[in-house]
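A quick write-up on the structure given underneath.
Numbering (the working numbering), first residue to last: 6 to 100.
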């Protein structure tokens, strides 16, 4: 049995990045993410989540990016869930 994650499945143990087709616009609530390929607009509903998305490419995993920003406890589970949704939308992608 393979332990590799299936294609398209979000895995916070892996490195991710903000898609090069996505522009992030800072907002008081977090950020707006516009995907030029799909023309999809996503709302990053906290400044901390927006910072984590911007930081992803600099870390060896999603968990490392969350650690860097001090995201812990119940906040961590909510951020991982939000990042999984952003991955499903193509806003972030494995690198």
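Beta carbons are placed, not taken as given, at the ideal position from N, Cα and C, and that holds for glycine.
Looking only at C-alpha atoms, which of the options sits nearest to residue i?
i          : options            : result
residue 3  : 67, 21, 34 and 47  : In the structure displayed, the chain extends from 6 to 100; residue 3 sits before or after that span and is not available.
residue 35 : 43, 27, 55 and 100 : 55
residue 4  : 99, 21 and 59      : As displayed, the chain neither begins before 6 nor continues past 100, which places residue 4 out of reach and without an answer.
residue 66 : 26, 88 and 37      : 88
residue 32 : 24, 45 and 50      : 50
Please list, in chain order, all residues of the same chain as residue i whose beta carbon is under 8 Å from its beta carbon, the five residues on each side excluded.
i          : result
residue 10 : Reliability of the predicted coordinates at residue 10 is poor, the pLDDT of 41 falling under 50, and no value is obtained from them.
residue 81 : 71
Following the continuous beta strand (DSSP E) through residue i, name the residue where it begins and the one where it ends.
i           : result
residue 29  : 27-32
residue 101 : Here the chain comprises residues numbered 6 to 100, so residue 101 is not present and cannot be evaluated.
residue 99  : 97-99
residue 22  : 21-23
Need the endpoints of the alpha helix (DSSP H) that residue i sits in, please.
i          : result
residue 83 : 78-94
residue 69 : 67-73
residue 59 : 52-60
Quick one: what's got a C-beta closer than 7 Å to residue i's C-beta in the same chain, skipping five residues either side?
i           : result
residue 6   : Because residue 6 carries a pLDDT of 40, less than 50, the predicted location of this residue cannot be relied on, and the following value inherits that uncertainty. Once the five neighbours on either side are set aside, residue 6 has no close Cβ partner at all.
residue 43  : 95
residue 100 : 20, 21, 22 and 62
residue 52  : 35
Establish whether the CB of residue i and some CB of chain C are separated by less than 8 Å.
i          : result
residue 98 : No chain C appears in this structure, which consists of one protein chain only.
Leaving out the 5 sequence neighbours to the left and right, which residues in its chain are closer than 6 Å to residue i when beta-carbon positions are compared?
i          : result
residue 27 : 38, 40 and 96
residue 91 : 97
residue 8  : The predicted position of residue 8 is uncertain, since its pLDDT is 44 and thus under 50; no value can be drawn from it.
residue 68 : 17
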